[in-house]
Amino acid sequence: MSYDSGSSPTSDAPVDQAPVPSASAGPAPGRGPAAPTRHALTVDLEDWHQLSYSHVTRGSCETTANVVTDTHHILDLLAELDLRATFFVVGLVATAFPDLVREVAAAGHEIGGHTCDHQTLYSMTPAELKADLERSRRQLQDLTGQPVISFRAPAFSVGSMANESFFETLAEAGFECDSSVFPVAGLRYGIPDAPRYPFVVQTASGPIHEFPLATWDLGRYRLPVAGGTCFRFLPSIFLEHVVGDLDAGGHTATFYFHPYEFHHGLLHLSGLTWHDRLQTMYVKRLVMHNLFTGSVGERWGSLLAGHRFLPIGDLHRDEPIT
Ligand SMILES: [Zn+2]
Numbered sequence: 003m004s005y006d007s008g009s010s011p012t013s014d015a016p017v018d019q020a021p022v023p024s025a026s027a028g029p030a031p032g033r034g035p036a037a038p039t040r041h042a043l044t045v046d047l048e049d050w051h052q053l054s055y056s057h058v059t060r061g062s063c064e065t066t067a068n069v070v071t072d073t074h075h076i077l078d079l080l081a082e083l084d085l086r087a088t089f090f091v092v093g094l095v096a097t098a099f100p101d102l103v104r105e106v107a108a109a110g111h112e113i114g115g116h117t118c119d120h121q122t123l124y125s126m127t128p129a130e131l132k133a134d135l136e137r138s139r140r141q142l143q144d145l146t147g148q149p150v151i152s153f154r155a156p157a158f159s160v161g162s163m164a165n166e167s168f169f170e171t172l173a174e175a176g177f178e179c180d181s182s183v184f185p186v187a188g189l190r191y192g193i194p195d196a197p198r199y200p201f202v203v204q205t206a207s208g209p210i211h212e213f214p215l216a217t218w219d220l221g222r223y224r225l226p227v228a229g230g231t232c233f234r235f236l237p238s239i240f241l242e243h244v245v246g247d248l249d250a251g252g253h254t255a256t257f258y259f260h261p262y263e264f265h266h267g268l269l270h271l272s273g274l275t276w277h278d279r280l281q282t283m284y285v286k287r288l289v290m291h292n293l294f295t296g297s298v299g300e301r302w303g304s305l306l307a308g309h310r311f312l313p314i315g316d317l318h319r320d321e322p323i324t
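In this text, residue positions in the sequence shown follow this note's numbering: the first is 3, and each later residue adds one.
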């Protein structure tokens, strides 16, 4: 396996070929005004209540209708801004609410895979991963009648760029694009030596076009700015500066959010024992996932309105990384 990076002036990752023009390349000199930089907009379509219940209790529960209501808030915002995104759909949601997946696809959004039941890659053997990828891809294609070519690993659980088996299995299962690499240090899922901008991973089963999650270098620190808790805690003015600077450099970056961040009211689980309620993991989840969540729609709204965002499949099709 090898990987080829597009122009990535701040990346210290090894590349085995000279940089070539790519979706992440800056504007070419002497070609007149550059087109606005295009970023990837993604949503992990999963049910917070269902996944949190299984994290806290180690048991399972049905997919709740919260995911439908919360996804509708996202669809409304994107429709208002005339934007499309890639929705990485967990198989559990597609099974429980097939009409929701059809509705997302019918609105013009790309449907991508996010495994059958949100197990991390660490917990699956290569054979189990292959079966899971093929099954979830088939389910989503059958539901929407559209090819599914993009994937995101639950919890960005690739582990390292040396995880050849993951990229090769992804290509074997028919995927062309991935957005699971978070090039940042210090986080459980971070891969600090990965390129920061779109690149190609060459495998024996074909190439995978990787769209790494957005990061930002502040002095000697690299911040994960793509979404999630860090995004919610960073000041809006800072995020605006980050995206503006990525635009100016012509660097395609990938951003993400979840339906739960558009939930109205307090996120919490019902039906827990007192023992479960007092677990550190649950308390931490309640605090991290409720803080500033109410303002996420507004923050995203202003960022999305001021910059250019597209689904990963569109970026890949219109200007493939070479
Ligand atoms: Zn997820």
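Ideal placement from N, C-alpha and C gives every residue a C-beta, glycine not left out.
- Sixteen is the threshold: since fewer than 16 other Cβ atoms of the shown chains lie within 10 Å of the Cβ of Y223, the residue is exposed.
- The shortest C-alpha to C-alpha distance from I314 to any of Q148, G221, T88 is the one to T88.
- Near ligand 1, residues with a Cβ at less than 6 Å from any of the ligand's heavy atoms are D46, E48, H116, H120, P156; the list follows chain order.
- Apart from the 5 residues on each side of it in sequence, H111 sits with its Cβ closer than 6 Å to the Cβ of R86, A87, F89 in its chain, given in chain order.
- Pairwise C-beta distances place the segment 93-110 in contact with the segment 140-159, as three or more of them are shorter than 8 Å.
- A distance below 8 Å separates the beta carbons of P200 and H211.
- Nearest in C-alpha terms to R279, of all of Q204, T59, L131, is T59.
- By the CB criterion at 8 Å, K132 and T71 fall outside the cutoff.
- When C-alpha distances from L47 are compared across A108, H260, L225, the shortest belongs to H260.
- Considering only L269, F184, V203, the residue with the shortest C-alpha distance to A228 is F184.
- Taking C-beta separations shorter than 6 Å and ignoring five residues to either side along the sequence, the partners of S56 in its chain run S62, following chain order.
- Between the alpha carbons of V186 and S138 lies a gap of roughly 28 Å.
- Annotation: the segment 33-59 contains the following complete segments of the alpha helix (DSSP H) (minimum length 4 residues), in chain order: 50-59.
- In the structure shown, the three-state DSSP call for R310 is strand.
- Here the C-alpha atom of G296 lies approximately 42 Å from the C-alpha atom of T205.
- Spanning the alpha carbons of T275 and V285 requires a straight line of approximately 13 Å.
- When secondary structure is reduced to three states using DSSP, L142 falls in the helix class.
- When the alpha-carbon of Y191 is set against those of G161, V244, R234, the nearest one is in G161.
- Rounded to whole angstroms, L215 and L225 show a C-alpha spacing of 11 Å.
- Setting aside the 5 residues that flank it on each side, V150 is surrounded in the same chain by I113, G114, G115, R139, L142, Q143, each with a C-beta closer than 7 Å to its C-beta; the list follows chain order.
- Between R154 and S181 the beta-carbon gap is near 5 Å, inside 8 Å, which marks them as a contact.
- Shown here, H253 sits in coil according to DSSP, grouped into three states, outside any helix or strand.
- Going by C-alpha positions, C179 is about 18 Å away from C118.
- The beta carbon of L312 sits closer than 6 Å to the beta carbons of R40 from its chain, once the five residues preceding and following it are set aside; these are given in chain order.
- Scanning the segment 83-127 from its first residue to its last, the whole alpha helix (DSSP H) runs of 4-plus residues come out as 93-98, 100-108.
- Between A164 and S207, the CB-CB gap reaches or exceeds 8 Å.
- CA-to-CA, the gap between S159 and L189 works out to about 11 Å.
- For R224, the uninterrupted beta strand (DSSP E) run begins and ends at 223-226, by DSSP.
- Look at S152 here: in three-state DSSP terms it is strand.
- Between S238 and the set A250, L288, V298, the nearest pair of CA atoms involves V298.
- A distance below 8 Å separates the beta carbons of T122 and A157.
- Between H318 and V245 a beta carbon distance of about 21 Å is seen, past the 8 Å cut, so the two are scored as non-contacting.
- Straight across, the Cα-Cα distance linking A37 with W302 is about 22 Å.
- Beta-bridge partners assigned by DSSP to I210: V203.
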